[in-house]
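>
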Amino acid sequence: LPQDDWRRHRPRFQGENFQKNLELVDRVKEIATTKQVTPAQLALAWLLAQGVVPIPGTSRRKYLEENVAALGITLTREDLQQIDEAAPKGAASGDRYEDMSVVNR
Numbered sequence: 001l002p003q004d005d006w007r008r009h010r011p012r013f014q015g016e017n018f019q020k021n022l023e024l025v026d027r028v029k030e031i032a033t034t035k036q037v038t039p040a041q042l043a044l045a046w047l048l049a050q051g052v053v054p055i056p057g058t059s060r061r062k063y064l065e066e067n068v069a070a071l072g073i074t075l076t077r078e079d080l081q082q083i084d085e086a087a088p089k090g091a092a093s094g095d096r097y098e099d100m101s102v103v104n105r
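Residue numbers for the sequence shown, in the numbering used here: 1 to 105.
Rendered as structure tokens:
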């Protein structure tokens with residue numbers, strides 16, 4: 001992440017948490033590579049297969065086109081199982097946000 005990226009301050013992007021989360025990303029990248037899609041497309045296709053309609057943001061046309069192409073990706077039960085095993089629910093290391101319970105105390 002660039003030095004000025006706000007995510008650097010989030011627990012998931014610091015220290016050991018960051019390294020563990022990069023391992024999850026690498027596993028997802030491997031699956032995407034075997035399917036000949038990008039990790040973003042795989043993630044969008046996975047969400048769609050769960051009945052979730054994601055609304056991804058993008059600032060570049062090429063990413064918009066990439067996102068739309070995810071609609072054409074069919075994931076088999078085996079694909080879904082492989083993704084769930086590679087990045088199971090709750091596998092991300094670290095909290096999503098800082099603990100704000102001590103602010104102004």
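Idealized CB from N, CA, C, for every residue including glycine.
Thinking I73 and A45 are a contact (beta carbons under 8 Å), I'd like their distance in whole angstroms, please.
By 1-based counting over the sequence shown, the position of residue 73 is 73. By 1-based counting over the sequence shown, the position of residue 45 is 45. With 8 Å as the limit, I73 and A45 qualify as a contact, their Cβ atoms being about 4 Å apart.
> Under a Cβ-count criterion, where at least 16 other Cβ atoms within 10 Å of its own Cβ denotes burial, should L22 be classed as buried or exposed?
What you label residue 22 is simply residue 22 of the sequence shown in a count that begins at 1. The residue is exposed, with fewer than 16 neighbouring Cβ atoms inside 10 Å.
> According to DSSP, is T58 helix, strand or coil?
Numbered from 1 along the sequence shown, position 58 holds the residue referred to as residue 58. Looking at T58 - three-state DSSP - the assignment turns out to be coil, as it is neither helix nor strand.
> In terms of alpha-carbon separation, which member of K62, L71, R61 lies closest to P54?
The residue given as residue 54 occupies position 54 in the sequence shown. Out of K62, L71, R61, L71 has the C-alpha closest to the C-alpha of P54.
> Given a cut-off of 8 Å on the beta-carbon distance, is the pair A92 and L24 in contact?
Walking along the sequence shown from the start, residue 92 turns up at place 92. Walking along the sequence shown from the start, residue 24 turns up at place 24. In this structure, L24 lies closer than 8 Å to A92 by Cβ.
> Could you check the C-alpha separation between W6 and Y97 for me, to the nearest Å?
Taking the first residue of the sequence shown as position 1, residue 6 is located at position 6. Taking the first residue of the sequence shown as position 1, residue 97 is located at position 97. Near 11 Å, if we compare the C-alpha coordinates of Y97 and W6.
> Can you list, in chain order, the residues of its chain whose CB lies under 8 Å from that of A86, leaving out five sequence neighbours each side?
By 1-based counting over the sequence shown, the position of residue 86 is 86. Cβ within range, chain order: L24, R27, V28, E30, I31.
> Taking all protein chains shown into account, decide if L64 is buried (16 or more other Cβ within 10 angstroms of its Cβ) or exposed.
As a position in the sequence shown, residue 64 is number 64, starting the count at 1. Per the 10 Å Cβ criterion, exposed.
> At least one CB of chain D closer than 8 Å to the CB of E16: is that the case?
Among the chains of the structure shown, chain D does not appear; only one protein chain is present.
> I need the DSSP call for K89, collapsed to helix, strand or coil.
Along the sequence shown, one-based indexing puts residue 89 at 89. Of the three classes helix, strand and coil, the one that applies to K89 here is coil, per DSSP.
> For D26, report the span of its alpha helix (DSSP H) as first-last.
By 1-based counting over the sequence shown, the position of residue 26 is 26. Segment 15 to 35, the alpha helix (DSSP H) holding D26.
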